[in-house]
Every structure is written in C-alpha cells, then in structure tokens.
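*Asks:* Those protein sequences? They're chains W and H, same order as listed.
According to our numbering, the first sequence is numbered sequentially starting from 1338.
According to our numbering, the second sequence is numbered sequentially starting from 1338.
In this text, a Cβ means the ideal position worked out from N, Cα and C, and glycines have one as well.
If you're wondering where the values come from, they're calculated on a predicted model, not measured in any experiment.
Below: one structure in structure tokens.
2 protein chains.
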Amino acid sequence: MSPEKPLRADARRNREALVAKAREIFAAGDFDLRFDDFAKLAGVGTGTLYRHFPTREALAEAVYREELTAMVARAGELRKTHPPAEALAAFLRGVVDLMYSHQGLARTLATLMSPQVDVLAEGDQTLGRAVAELMTAAAEAGAIRADVGAGAVMLAVQGICTTAEHPSSRADADDIITVVLDGLRREAAP
Amino acid sequence: MSPEKPLRADARRNREALVAKAREIFAAGDFDLRFDDFAKLAGVGTGTLYRHFPTREALAEAVYREELTAMVARAGELRKTHPPAEALAAFLRGVVDLMYSHQGLARTLATLMSPQVDVLAEGDQTLGRAVAELMTAAAEAGAIRADVGAGAVMLAVQGICTTAEHPSSRADADDIITVVLDGLRREAAP
DNA sequence: CAAAATATGGAGACTGTCTCCACTTGTCAA
DNA sequence: TTGACAAGTGGAGACAGTCTCCATATTTTG
C-alpha cells in the first residue's frame, strides 16, 4: 500500500523540521499563517515546503497523524476491554475530548472531511473506519440498531469538529453524542 | 431592529441585479466563481459589488434569504398543525430535503454556521431559533427530553449542511436525523 | 573521487481580493 | 426647471497569498 521510497538524508531532515515547526505554530493557535511562512520559520525555502506538502492540508495532516493514530489505536483497545456498546460510547466521548483539547486537530479534521477536499485523506477515512468497526461489533452484539451506518454518526462528528473552535459549544457536543448514542440503542421502527 | 434607509433608485436596481445574477450563477453550481466576476456578469463595477456585499457570504445570504424565510415560516405552520414531536420531526426532515435540493443553500449555511465567520449571520440564527421553539414546545408537551438544547441538534444539522454536496451522503443524513429524533424521545438517564 | 541522482531555495509570475477617488446620477428645495 | 448637494458608481491598480521554475547545492553510488 505504501511504496515509501527512502528519502535522502537532507530531505528527511527538512521534512521533519517543517512538521515540527508547524506543530509548534498550530499549538500556538496560528492556523491562518501565510503558507510560505511555514517554510521561512522552519528555515527552508518555499520550494521545499511545496515539494513535501503540496497543500496546507497535507501539512496539517502530517502534524496530526500521530494524534489520529493514537485515537484509532484506542478504538482497538476499547473493543477488547469493554462491551461493544460501551466501547463505542467511550470512543466517541474520547473523540469529543480530543477535539476540544486540540483545536488544530478539530480544524484539520473538519477541513479534511469536507467535500471540497476530494482527496478524502487517510486521516478521516481511518477515523470513520474505526467508528464503523465499533458499530458493527455493537450491532452484532445486539446492543445497537443495525440499520444505521457509521456514515450517519460521522455526520454528527463532522458538525462537532467544525464547531469545536467555539469552546462554548462543548456542552452541545456532549449532548449530541448522548442523544445519538441513545438513538442508536433504540430499535428501528418496524 | 432595522434602520433600513431607503436606497436610491439606481442603487436598488444594481443591488437587485447583483442578487439575481448571483442566484442564477449559484443555480448553475458555480460557487467558486471569482468574486469580482459577479460584478462583471451583473454589469456593475467591482466597487458597487463590494459596497452592497462586503463579503461573498453576504451575497450568498441575500440570495438564500428567501428560502430561509420560507423554511422558518414552515416551522410556524407545522407547530400549529401537528403535535409538537411530529412538527419537529417534519421540520428537520424538511431541512434535509431542502439542503439536498439546493446545494448552494447547504454550502451557504455551512459557511455561515462555521465559527470562522463570526458575524453569526441572521440566517442560521433564525434557523436555530426555529428549531429551539419547536424543541421547547415538544419538551413542554413531554414528547422529548428537556435536558438537551437546540444547539446540540444544530451540530448535527451543521454536519449535514457541510456534507450535502455529496449526493451520496443523503441516506446518512436521513439516518442521523432518525437517530437524533429517537434519541430525543428517550428520557434522560436518571 | 567523479558522475548521476536527488533536493534546495527564493525570485518572480500569477491570481483573486479589495480600496480609492474622480466622476456620474438621482433627489429635492426653491 | 434648475442648481446644488448627496448618494452612488466603476474600474485601475495596490496588495497579499499561492505556487512554479530552474540554476545551484548536496547526497549517494559505483
């Protein structure tokens, strides 16, 4: 799946410097920085920046891949240690937590999930897949209805991501998750 | 609430030409047209465009105000003709329908609801208020739980709006509404 | 160590946004 | 009607990001 040609030493170094600096900048909340400036600040030329990351989103994805991977890994753990419905609930709560503690991640996911970016980056597909697996397991255990797919739940997650920059929306985010979980538990009408 | 200074005759004419042309352009699906070109195509100068509509969103809002107003009016009707829970359900289904039949409206609402546009334009506030009223009525009638506000439901709506450009997401949108409605019907856990 | 392969950087082309103001058009009182 | 004032216009050009291109530099390979 990944040809992964080994990068030349200096190339790897530059790439890493770029990601490190970007992480720092995002952590400071500076999401709308002029793209070229990421290069300037990381001490590389703009050409180099663009070669490694053709778009702003590509850079953001690299920065948050770690967090995303961790999140998905957690899904696996939960599936082993909890009953299916609880695992799903805990996972979704965790996602909300993460969004509100990492604004940059929220914004990145919101962008990547939006239809205008048709790359349909790995990031959110991974997240969607994790949710799908948890839901399938729960449905097979009879803990939630089986007539609703992960895509539906991801719509709510999408809404949460795009709104997570307003800290005041936190309560609403928790509430919609509660409502969705309750709604999933309910059997489909015949 | 609205000082509404009467516009000079030619000013009103230009403004209307702008909105009409924009509606036409949006209907054709050309959402990302260079902003200045809206002026060119409507036969006015760019300055005029910017005076009437300082941002792209302002123009979009003007174009879709009609649809929005109609939608909110429908909420009022439903409240009179249906039991509260049904009114809420019918309204939300209607919103989804409208989004998938008017891509431009979906995109506009998605943009206006996003936190980056802090104008918090009239449009979505109105929509939110309509949902809030329907929910309050339903809660007072004991038909849905009272511990969840309209904001939570609007998060799901937000997700639907931003995804409505993929026609393939339609089923998911319907599903999430079903799930949310079911979740609302359930009493809060003690 | 030389040649080939790979990567660099930053000047400047390009694209879209928005401002500015000399000029035109409409309004209204006399 | 008309004059004079207010209101509105348009589009050239300033500006700000984005992205490309290629002469030059660095690394790897044989």
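Arg-1523(W) touches chain H at which residues, Cβ-Cβ below 9 Å?
*Replies:* Within the first sequence, the letter at position 186 stands for residue 1523(W). Near Arg-1523(W) (Cβ distances below 9 Å), the residues of chain H are Val-1516, Asp-1519, Gly-1520, Arg-1522 and Arg-1523.
*Asks:* The alpha helix (DSSP H) with Arg-1402(H) in it runs from where to where?
*Replies:* To locate residue 1402(H), count along the second sequence from 1; it is residue 65. Taken as a continuous stretch (DSSP letters only), the alpha helix (DSSP H) holding Arg-1402(H) covers 1393–1418.
*Asks:* Buried or exposed, going by whether 16 or more other CB atoms sit within 10 Å of the CB of Asp-1504(W)?
*Replies:* Position 167 of the first sequence holds residue 1504(W). Reading off the sequence, residue 1504(W) comes out as Pro, not Asp. It is exposed - the Cβ of Pro-1504(W) has fewer than 16 other Cβ atoms within 10 Å.
*Asks:* Mapping DSSP to helix, strand and coil, what is Ser-1438(H)?
*Replies:* Taking the first residue of the second sequence as 1, we reach residue 1438(H) at position 101. DSSP places Ser-1438(H) in the helix class (H, G or I) of the three-state scheme.
*Asks:* Tell me which residues share the same chain as Gly-1441(W) and place their Cβ nearer than 6 Å to its Cβ, disregarding the 5 neighbours each side in the sequence.
*Replies:* Numbered from its first residue, the first sequence carries residue 1441(W) at position 104. In the same chain as Gly-1441(W), and ignoring 5 residues on each side of it, the C-beta atoms closer than 6 Å to its own belong to Phe-1363, in chain order.
*Asks:* Compare the beta carbon distance of Arg-1482(W) and Leu-1425(W) with 8 Å and say whether it is the shorter of the two.
*Replies:* For this step, residue 1482(W) is matched to residue 145 along the first sequence. For this step, residue 1425(W) is matched to residue 88 along the first sequence. Contact: no.
*Asks:* Taking the alpha-carbon positions, what's the Arg-1416(W) to Arg-1507(W) distance?
*Replies:* Walking along the first sequence from the start, residue 1416(W) turns up at place 79. Walking along the first sequence from the start, residue 1507(W) turns up at place 170. Across the structure, Arg-1416(W) and Arg-1507(W) are spaced so that their CA atoms are roughly 26 Å apart.
*Asks:* At the 8 Å Cβ level, is His-1419(H) part of the contact set with chain W, yes or no?
*Replies:* For the purposes of this step, residue 1419(H) is taken as the residue at position 82 of the second sequence. No, His-1419(H) lies away from the interface with chain W (no Cβ there is under 8 Å from its Cβ).
*Asks:* Verify the CB distance criterion: does Gly-1488(H) have a CB-CB separation below 8 Å to chain W?
*Replies:* Counting from one through the second sequence, the residue named residue 1488(H) turns up at place 151. By this cut-off, Gly-1488(H) is an interface position.
*Asks:* Quick check on Ala-1424(H): does DSSP put it in helix, strand or coil?
*Replies:* Walking along the second sequence from the start, residue 1424(H) turns up at place 87. Reduced to three states, the DSSP call for Ala-1424(H) is helix.
*Asks:* At the level of alpha carbons, what is the spacing between Val-1517(W) and Ala-1379(H)?
*Replies:* Here the question's residue 1517(W) lines up with position 180 in the first sequence. Here the question's residue 1379(H) lines up with position 42 in the second sequence. Cα-Cα distance, rounded: 46 Å.
*Asks:* Please say whether Pro-1452(W) and Glu-1394(H) have beta carbons closer to each other than 8 Å?
*Replies:* Within the second sequence, residue 1394(H) is the residue found at index 57, counting from 1. Within the first sequence, residue 1452(W) is the residue found at index 115, counting from 1. In this structure, the beta-carbon distance from Glu-1394(H) to Pro-1452(W) does not fall below 8 Å.
*Asks:* Could you have a look at Glu-1524(W) and say whether DSSP puts it in helix, strand or coil?
*Replies:* Locating residue 1524(W) in the first sequence gives position 187, counting from the first residue. Residue state, collapsed to three classes: coil.
*Asks:* Within 8 Å (strictly less), CB to CB, does Asp-1512(H) reach chain W?
*Replies:* Position 175 of the second sequence holds residue 1512(H). Yes, contact with chain W.
*Asks:* If you measure from the beta carbon of Ala-1493(H) to each beta carbon in chain W, is any gap under 8 Å?
*Replies:* As a first step, residue 1493(H) is located in the second sequence; it is residue number 156 there, counting from the start. Yes, Ala-1493(H) counts as interfacial toward chain W.
*Asks:* Rounded to a whole number of angstroms, what is the C-alpha to C-alpha distance between Leu-1492(W) and Arg-1444(W)?
*Replies:* Along the first sequence, one-based indexing puts residue 1492(W) at 155. Along the first sequence, one-based indexing puts residue 1444(W) at 107. Roughly 15 Å between the two C-alpha positions.
*Asks:* Would you identify the three-state DSSP class for Ser-1505(H), choosing helix, strand or coil?
*Replies:* Your numbering for residue 1505(H) matches position 168 in the second sequence. Of the three classes helix, strand and coil, the one that applies to Ser-1505(H) here is helix, per DSSP.
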